[in-house]
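Sequential numbering from 1470 applies to the sequence shown in my numbering. So the structure is just underneath, and the comments pick up after that.
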Amino acid sequence: RQMCIRDRSTGEVKITTLTSRQYAVVLDPVGEDGKPQMGRRVLKKGEAVFFLRPGERLESGIQSVHVLDSDEALLLRARESFKDDSTERKPGDRWMIYGPCDYVPPVQVEILEKRKAIALDENEGIYIRDLKTGKVRSVSGQTYMLSPYEELWEKDLPS
């Protein structure tokens, strides 16, 4: 629509353009009724072109699709309850998506880290701590991918 005499310009908004390999999360989106939906998040996947409306902002800017190789995985955590395919996820649940694949996280999911399988020779080993039980164990002589509730553990060696 064209500006009338009583209208005034309060600023300029740049257009947001997403390619087919990009996505963005819009915070506090404006609803169909024109009212802001404070605290909500909306996922926009490319290819897309859109303007942010007053009050809206991008969570972490324009992001690239996560591309995982066959020896990589993403450690994920649920921000809120939702149904993931046939699995019910609750806030705080942790799980992994394994490659090879492309991944765009839904708004209910937070990516904690990208993990890579650890190749160990027969004379090499690592210590792994289970986050639920606190137990530490060693793994050697194989390729190993940490599970969602495991972390590498460093053992202090005497000097």
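Ideal placement from N, C-alpha and C gives every residue a C-beta, glycine not left out.
Residue i, buried or exposed, once every other Cβ within 10 Å from all chains shown has been counted against 16
i	result
Arg-1606	exposed
Ala-1588	exposed
Gln-1611	exposed
Val-1518	exposed
Val-1536	exposed
Arg-1558	buried
Leu-1543	buried
Option nearest residue i by Cα separation, candidates the options
i	options	result
Gly-1530	Arg-1546, Lys-1513, Asp-1538, Leu-1545	Lys-1513
Leu-1621	Tyr-1596, Val-1608, Thr-1612	Tyr-1596
Leu-1581	Met-1565, Cys-1570, Glu-1591, Leu-1589	Met-1565
Ser-1550	Gln-1532, Tyr-1567, Gln-1577, Gly-1603	Gln-1577
Glu-1481	Val-1495, Lys-1583, Phe-1520	Phe-1520
Pro-1498	Arg-1548, Ala-1542, Arg-1584, Glu-1528	Glu-1528
Glu-1501	Asp-1599, Ala-1493, Val-1511	Val-1511
Thr-1486	Met-1507, Arg-1509, Gln-1532	Gln-1532
Glu-1541	Pro-1617, Leu-1626, Gly-1508, Lys-1483	Pro-1617
Asp-1538	Pro-1560, Lys-1552, Gly-1515, Pro-1569	Pro-1569
Leu-1545	Thr-1556, Asp-1554, Arg-1563	Arg-1563
Asp-1599	Tyr-1567, Asp-1625, Glu-1619	Glu-1619
For residue i, the first and last residue of its enclosing beta strand (DSSP E)
i	result
Arg-1558	1556–1558
Lys-1504	That residue, Lys-1504, is in no beta strand (DSSP E); it is neither H nor E in DSSP.
Tyr-1596	1594–1599
Leu-1626	Taken as a continuous stretch (DSSP letters only), Leu-1626 belongs to no beta strand (DSSP E), as it is neither H nor E.
Glu-1620	1619–1622
Asp-1571	1570–1572
Sheet register partners of residue i (DSSP bridge)
i	result
Val-1511	Val-1495
Tyr-1613	Ile-1587
Glu-1579	Arg-1546
Ser-1489	Beta-bridge pairing links Ser-1489 to no other residue.
Val-1458	With the chain represented from 1470 up to 1628, any question about residue 1458 goes unanswered, as that position is not in the structure.
Runs of beta strand (DSSP E) wholly within the stretch 1514–1554 (minimum 3 residues, chain order): With a minimum length of 3 residues, the continuous beta strand (DSSP E) runs that stay inside the stretch 1514–1554 are 1517–1520, 1535–1537, 1541–1547, 1551–1553.
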